[in-house]
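Under the numbering used here, the sequence shown is numbered contiguously, ending at residue 1078.
One structure below.
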Amino acid sequence: MTTPDVPRSLWPSAPPAPDALAGGLTSADPVTALAAALVTSAVTAPSASTVTDPSTVPGTDSLAAPATGPVTADPAAQAASSAAHPVQSTIPPAQPTHLPTAPVGLPGQPAPFSPELARRDFPILHRTVNGHPLVWLDNGATTQKPRQVIETLAAFYGTANSNIHRGAHTMAREATEAYEAGRAAVAQFLGAASPDDIVFVRGTTEGINLVAQTWGRANLGPGDDILVPVLEHHSNIVPWQLIAKETRARVVPVPLQPDGQIDLNAYADLLSMRTQLVAVSQASNVLGTVPPVREMTALAHRYGAKVLVDGAQAVAHFPVDVQDLDADFYVFSGHKLFAPTGIGALYAKPEVMRNMAPWQGGGNMIESVDFTRTTYAPVPHLLEAGTGHISGVVGLLSALNWLTSFDRDAIAAYETSLMAYAQQALATVPGLELLGSAPDRIAVLTFTLAGHDPSTIADWLDRDGIAIRAGHHCAQPALAHYGLESAARASLALYNTSEEVDKLVASLHRLQQAA
């Protein structure tokens, strides 16, 4: 029989429940903090006094940042901001250091938000592309990473790298505490009741496949329906097609209205006692549509169906509460949330997760193994075979600390104003047509331009240092709803500004004039 190096009962205890973490880290144990410079830079809230000249967007509410010109501040405010957000990268100390073992957001109210304060934390936003300042408008594909995340990753690999859970030595204990702190942080971020409701995965795609191959394999059968809106990303369509083929269930598309909203009347008509699962995104990656997920979930539950919510495009834009949504499953990817690639999380209701069988077998997910019988670890470890993306979890924890140091409602309001400004500005470009006009949406602007292929548009903009996405956006059924095979997409994030929108629009005007 093979057993872990250290019995599971002796693993470092789990971090406190999310409610206990809401006020920030209170433990006096020095193992609970990264090197002082890194912790300070990662979690100290920026000063709102550094922005003194907000601009007004015609036809919209005032934006929280200047559209043009430098940010100004008095010397005292600049000194305070520099202390909280030093420009010079911190080099990890040569001596061993420790990683945080709990979410460490500031106590009390979050800091006021402005995009200029956020931007100064992103080194990549200060580079040039083809001789022009970078304008990153490809956030729907991936967000950039703040220096706090970059520095935390360097500190982990430079001072604390170890495998987790089974080691008896100091660094294994520290790495385990950091990893489990990441789990607690995700639970708190999503409003889950317990860290045990969170499974780490590579991202949204792996999380959906995990649910399909575990819960789906056990609960789907001939004649069962899986309802999937036409709005969905391929990662929330293809896994259900694969498991439906195995189980002889069927995937049923839910149609869209002309403005890109889900046709809720059709959805209600398609629900029946045959419906076992509804898979729906909380925000569309191609149209920006934010469906009424809470109401759709409540209706599905009347028929006994489970609901999986794809939160990949939602989590960076507005607060999420999985208990309020009453979602049975919720998945997201860290790299769309200012965290590293290759890490994400799956939330499942405890009563649902307890009945999920292993998806993969190997280390970490077992209690004991011999050639006659294997006993498994409890969830969530049951669903995390092998060595996880430890540094990715540490980076995700840092990203969540950074994001939640700001007022998230203020972020959502700013992005809504910026999107309204962008819609008005793009409307001045001859031949440009925006796709979708749902009233509730995130700042995703997918468009066509008469006389120009989307790839040509993207190439032209790249010459001006402007990065957008072109193609089918892994959402071919949604584009087909508009009779298209491809389109261009500019997707905005909290660090984008109206000045960058102006650059996009000016470049598109030049493209039309050059035609």
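Beta carbons are placed, not taken as given, at the ideal position from N, Cα and C, and that holds for glycine.
As the structure is a computational prediction, the values presented were derived from the model and not from experiment.
Please report the distance separating the alpha-carbon of residue i from that of residue j.
i: Pro818; j: Ala755; result: 31 Å
i: Gln987; j: Gln824; result: 21 Å
i: Ser757; j: Val856; result: 22 Å
i: His952; j: Ala890; result: 26 Å
i: Glu679; j: Gln876; result: 22 Å
i: Arg865; j: His1072; result: 51 Å
i: Ala1050; j: Ala723; result: 45 Å
i: Leu1110; j: Phe1010; result: Lying before the first or after the last residue shown, residue 1110 is absent from the chain, which here runs from 564 to 1078.
i: Trp965; j: Asp822; result: 35 Å
i: Thr860; j: Pro696; result: 44 Å
i: Pro709; j: Leu900; result: 10 Å
i: Asn1059; j: Asp759; result: 35 Å
i: Val849; j: Phe934; result: 50 Å
i: Ala807; j: Trp922; result: 17 Å
i: Pro936; j: Gly925; result: Looking at the sequence shown, residue 936 is not Pro but Arg. Distance between the alpha carbons of Arg936 and Gly925: 14 Å.
i: Pro1017; j: Pro816; result: 27 Å
i: Val698; j: Leu1057; result: 13 Å
i: Val957; j: Leu716; result: 7 Å
i: Phe685; j: Ser980; result: 22 Å
i: Asn693; j: Pro802; result: 39 Å
i: Pro1080; j: Val749; result: Coverage of the chain is limited to positions 564 through 1078, which leaves residue 1080 absent and any answer about it impossible.
i: Gly1028; j: Ser835; result: 50 Å
i: Ala812; j: Gly779; result: 10 Å
i: Ile1020; j: Gly784; result: 46 Å
i: Gly941; j: Tyr1045; result: Per the sequence shown, residue 941 should be read as Pro rather than Gly. Taking the straight line from one Cα to the other gives about 47 Å.
i: Ser954; j: Ala975; result: 29 Å
i: Phe711; j: Leu1024; result: A small correction: the amino acid at residue 711 is Gln; Phe does not occupy that position in the sequence shown. Approximately 30 Å, taken between the alpha carbons.
i: Glu809; j: Ile727; result: 36 Å
i: Gly1014; j: Ile1005; result: 27 Å
i: Leu888; j: Val762; result: 19 Å
i: Tyr939; j: Leu945; result: 6 Å
May I ask you to report which of helix, strand or coil DSSP gives residue i?
i: Gly907; result: strand
i: Thr938; result: strand
i: Pro1002; result: coil
i: Gly1034; result: strand
i: Leu900; result: coil
i: Ser1080; result: No answer is possible for residue 1080: it lies beyond the span of the chain, which begins at 564 and ends at 1078.
i: Ala1013; result: coil
i: Leu966; result: helix
i: Val762; result: strand
i: Gln839; result: strand
i: Tyr1045; result: coil
i: Leu995; result: strand
i: Leu1067; result: helix
i: Phe752; result: helix
i: Pro818; result: coil
i: Ala1050; result: strand
i: Gly622; result: In this predicted model, Gly622 has a pLDDT of only 32, less than 50, meaning its place in the structure is not dependable; the value taken from the coordinates is given anyway. Three-state DSSP puts Gly622 in coil, outside helix and strand.
i: Ala642; result: Annotation note: pLDDT 37 at Ala642 (below 50); position unreliable, coordinate value reported separately. The answer is helix: DSSP assigns Ala642 an H, G or I state.
i: Asp873; result: strand
i: Arg690; result: coil
i: Thr852; result: strand
i: Arg813; result: strand
Less than 7 Å between C-beta atoms, sequence neighbours within five positions excluded: which residues of the same chain meet that for residue i?
i: Ala1053; result: Leu700, Leu1008, Ile1031 and Leu1067
i: Gln820; result: Asp826
i: Gln804; result: Val814
i: Gln532; result: The chain is shown only over 564 to 1078; residue 532 falls outside these bounds and no answer can be derived.
Given residue i, which residues of its chain have a CB within under 6 Å of its CB, disregarding the five upstream and five downstream residues?
i: Tyr893; result: Val872, Gly874, Val885 and Tyr910
i: Asp1065; result: none
i: Leu959; result: Gly745, Gly897, Ala902 and Ile906
i: Ala863; result: Val841 and Val870
i: Tyr830; result: Val817
Quick one: residues in its chain with C-beta nearer than 8 Å to the C-beta of residue i, no 5 flanking neighbours on either side, listed in chain order?
i: Gln1076; result: none
i: Leu688; result: Arg682, Leu697, Trp699, Gln707 and Tyr1058
i: Thr691; result: Leu697 and Gly1028
i: Ala879; result: Asn702, Thr706, Lys899, Leu900, Phe901, Leu966, Ala1056 and Leu1057
| Stretch-stretch touch, CB-based, cutoff 8 Å, three pairs: the stretch 862 to 874 with the stretch 842 to 854 | yes
| said: I'd like the ranges of any alpha helix (DSSP H) spanning at least 4 consecutive residues and lying wholly in the stretch 693 to 742. | reply: 710 to 718
| request: Give a yes or no on contact between the stretch 923 to 931 and the stretch 906 to 913, applying the rule of three or more CB pairs nearer than 8 Å. | output: no
| said: Quick test of the definition: if touching needs 3 or more C-beta pairs under 8 Å, does the stretch 788 to 807 touch the stretch 1040 to 1051? | reply: With a cut-off of 8 Å, the stretch 1040 to 1051 and the stretch 788 to 807 count as touching, because enough Cβ pairs lie within range.
| query | Do the stretch 989 to 1003 and the stretch 963 to 974 make contact, defined as three or more Cβ pairs closer than 8 Å? | reply | no
| said: Quick check for students: name the residue ranges of the beta strand (DSSP E) that lie wholly in the stretch 765 to 810, counting only runs of 3 or more. | reply: 788 to 792
| field | Cβ contact check for the stretch 707 to 726 and the stretch 737 to 751: 3 or more pairs under 8 Å | value | A contact exists between the stretch 707 to 726 and the stretch 737 to 751.
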